[in-house]
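Enquirer: Have a look at the structure that comes next, please.
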RNA sequence: GGGCCCGUAGCUUAGCCCGGUAGAGCAGGCGGCUCUUAACCGCAAGAUCAGGGGUUCGAAUCCCCUCGGGCCCGCCA
């Protein structure tokens, strides 16, 4: 711990004085509390400078600021409903109670107050306080009352400070929770069953990403943290659950930037006896619903209004191959060899390692030529087969798979397929990916292929980045704004990860 | 992994270019004030200028290293 600052020593001394006087700076409860909006409402109709003696209110919250005027003081108390002015008067509290009470309080303290609804002479709804109780002494002072937390490091490292200083930040937490609840309600209503599948796996599959590796004492061996939810969910479809979804964390051992976090929240849904056209319809209905809800929750946030507009139809559709050929000036994309694609990617200014797979070069070319042109929510459809080993071959377009990706300007939101359900083909695709070059990290999950041999019905599936959906809808500039505790290096003195041998 | 930028009191910051012993507001202390709401007025206090090294008569300021952070690029489709 840091050594106490003089300010902290002063605040500790106030708590000690209260104890010496027989008080308790950290009492156990404050019963019969109402939210401050009840007092505001009761005070608003009164004549200025008067109070309503017919009913007493008890409120509790954090003390924001205190304005002293000799024998009168005003304090702002903030709770979940907002800010209420406390009117502290020597004649109501008693001279000693007024003096000692004020002397013991600091901004940031959690206090309870009992009193009458009133309207100040200047017309501010207030609580005319008859008794004031310290509920938790704040030893460290709160952030600057006007500027809040400015230091970007403090914002992510000590998020609680930003939250307590900023009602907008607290509102973002609530909107994220509402969006998650709305997603669940939407899928539940559509007949999907929410499931939880393992985070710890012998081999993390279902996407191309570096896993986090850990160790099981029980198994005396290595385990990996999941990088996607896909493979266990499809096993559940094999098991006869026809519509399943999971909303949970996935982990990728990669860098953090404005759209990537090593741990992030993913939604995956699998739907038997339906194809990717059906899934697109479901996704569009979900997007439209989330846009409507966000507009209700954030009615006057301009950045959210832009996000909401993105999620409202009509949406744009782009054919992966046609658009790449058109914008990249490339003919016969599907007929190109890996070497030719590598050359094209190189010329496009992409620095992918030369040993990458055909699919990686195609993705890079698409990323260079097509993605920057997205100006609204866009569905990219019918990718070349080489880009994914888990999607089913397109029923009419040779060399393609039945797949769509969803983009907003700047980043991808998700990915869906008509799922590959031919076990022998699945095995070939895994092997082809593994064999093509070592950079491809699609793990070959034998157990998954074995499950497919028992029969996976025709199925469609989707994976959506929930953090990114929240970002896009609320107009956040960085994923850190929708993750309350993004990954940071441990602060000095809190212990550091032990150095490990690179794998 | 590469590039650019940032780190001054608990908080928000001035000073850095052009070297001369750090200035303010908030918060806190003491005093004053019964209607303020970024309250106000007065007094006093609070800073090894992220850490280390170098250049210099003299370093917050110039140079190097380390730590932490931000942004961009690469990687994670």
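Numbering (the numbering used here), first residue to last: 115 to 617. By construction, the Cβ of each residue, glycine as well, lies at the ideal position given by its N, Cα and C atoms.
1. Quickly, what does DSSP pair residue 182 with across the bridge? List them, please.
2. In this structure, how does DSSP classify residue 265 when only helix, strand and coil are distinguished?
3. Quick check on this structure: which residue in 128, 230, 568 has the alpha carbon closest to the alpha carbon of residue 155?
4. Secondary structure at residue 224, three-state DSSP: helix, strand or coil?
5. If we call anything under 8 Å between Cβ atoms a contact, is residue 347 one with residue 424?
6. Ends of the beta strand (DSSP E) at residue 577?
7. Going by C-alpha distance, which of 419, 519, 278 is nearest residue 587?
8. Going straight from the alpha carbon of residue 363 to that of residue 377, what length do you get?
9. Who are the near neighbours of residue 128 in its chain, counting only those whose CB is closer than 6 Å to its CB and skipping five residues on each side?
10. For residue 629 and residue 390, I'd like the C-alpha separation in whole angstroms.
11. I'd like the list of long-range same chain contacts for residue 250, defined as Cβ closer than 6 Å, with 5 residues on each side in sequence excluded.
12. Return the Cβ separation of residue 396 and residue 304 in integer angstroms, given the expectation that the two are a contact with Cβ distance under 8 Å.
13. Going along the chain, which unbroken runs of the alpha helix (DSSP H) with 4 or more residues stay wholly within the stretch 317–374?
14. Rank 351, 126, 415, 488 by C-alpha distance to the C-alpha of residue 534 and give the top, closest one.
15. Consult DSSP for residue 543 and reduce its assignment to one of helix, strand or coil.
16. Quick one: what does DSSP say residue 421 is sitting in, helix, strand or coil?
17. Give me the Cβ distance between residue 145 and residue 387, rounded to the nearest whole Å; I'm assuming they're in contact under 8 Å.
18. List in chain order: all unbroken beta strand (DSSP E) runs of 3+ residues lying wholly within the stretch 499–545.
19. Between the Cα of residue 240 and the Cα atoms of 201, 292, 336, 478, which residue gives the shortest distance?
20. Suppose the cutoff is 6 Å on Cβ atoms and the five residues either side in sequence are ignored; what does the same chain contact list for residue 356 look like?
21. Here's a check: name, in chain order, each residue in its chain whose Cβ is nearer than 8 Å to the Cβ of residue 500, leaving out the five neighbours to either side.
22. Hey, would you say residue 382 sits closer than 8 Å to residue 136, going by beta carbons?
23. Terminal residues of the continuous beta strand (DSSP E) containing residue 196?
24. Can you tell me which residues form a DSSP beta bridge with residue 239?
25. Nearest CA to the CA of residue 442: which residue from 422, 463, 430?
26. Here's the rule I'm using: 16 or more other beta-carbon atoms within 10 Å means buried, otherwise exposed. How should residue 302 be labelled?
27. Going straight from the alpha carbon of residue 354 to that of residue 569, what length do you get?
28. Can you check the stretch 379–414 for any alpha helix (DSSP H) of at least 4 residues that lies completely inside it and give the ranges in chain order?
29. Mind checking residue 599: buried by the 16 CB within 10 Å criterion, or exposed?
30. Which residues bound the alpha helix (DSSP H) around residue 433?
31. So residue 591 and residue 372 are in contact, right, with Cβ under 8 Å, and what is the actual spacing, rounded?
32. When you compare the CB positions of residue 205 and residue 199, do they come within less than 8 Å of one another, or not?
33. With residue 237 and residue 162 assumed to form a contact (beta carbons below 8 Å), what rounded beta-carbon distance in angstroms separates them?
34. On the premise that residue 318 lies in contact with residue 339, defined as a C-beta separation below 8 Å, what is that separation, rounded to the nearest angstrom?
35. Mark residue 331 as exposed unless 16 or more other C-beta atoms lie within 10 angstroms of its C-beta, in which case mark it buried.
36. State the DSSP-derived secondary structure class of residue 250, mapped to helix, strand or coil.
Expert: Looking at the atomic coordinates:
1. 187
2. coil
3. 230
4. strand
5. no
6. 573–579
7. 419
8. 6 Å
9. 218
10. Any property of residue 629 remains undetermined from this structure, which presents the chain solely from 115 to 617.
11. 140, 224
12. 7 Å
13. 344–352
14. 351
15. helix
16. helix
17. Incorrect: roughly 55 Å between the Cβ atoms, too far for contact.
18. 517–522, 525–532
19. 201
20. 386
21. 471, 472, 473, 476
22. no
23. 196–203
24. 233
25. 463
26. exposed
27. 10 Å
28. 390–411
29. exposed
30. First-last for residue 433: 430–433, but that is the beta strand (DSSP E), not the alpha helix (DSSP H).
31. 7 Å
32. no
33. 5 Å
34. 6 Å
35. exposed
36. strand
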